[in-house]
Amino acid sequence: MDHAQAKDRLLTRRAELVGHLAEVEHQLDETPPKDWEDFSSERQGDEVLEALGHAELNELRRIDAALARVAAGSYGVCLECGEDISEARLAILPDTPLCKTCAAQAA
4 MDHAQAKDRL
14 LTRRAELVGH
24 LAEVEHQLDE
34 TPPKDWEDFS
44 SERQGDEVLE
54 ALGHAELNEL
64 RRIDAALARV
74 AAGSYGVCLE
84 CGEDISEARL
94 AILPDTPLCK
104 TCAAQAA
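Position one of the sequence shown corresponds to residue 4 (this note's numbering), numbered consecutively onward.
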């Protein structure tokens, strides 16, 4: 995968995340129901949405960091050891900053 393809994939995923985060924010801003049972049920749903939103924000940060590496010309190079990240790994995890070996050591 060349850097242009990687950048396109990252930008596409970024746009998806931004759109979904806006939907989540809108849902969380809705007026809660007055009925306690409905409120309790909706609150559980809100907690799920909040957790999803946090996960998506973290992914968005990783994507922004990957896009910065693309711009700097260092995309695809492990931030720990400086070796190239395999094409297969980048195809699966385009925002990864670490090669397989360094990621395993960090886990």
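We put the beta carbon where it would ideally sit given N, CA and C, even for glycine. Small disclaimer: the values here were computed from a predicted structure and weren't measured.
Separation of the CB atoms of Gly76 and Ile88 is rounded to 14 Å, and the pair is thereby denied contact status at 8 Å. Contact between Val27 and Leu55 holds: CB atoms are separated by about 7 Å, below the 8 Å threshold. When DSSP reads this structure, Val80 sits in a beta bridge with Asp87.
By the Cβ-count criterion, Leu93 is buried, with 16 or more other Cβ atoms from all chains shown falling within 10 Å of its own Cβ.
In this structure, Thr99 is the residue among Val73, Ala91, Ile95, Thr99 with its C-alpha nearest to the C-alpha of Glu83.
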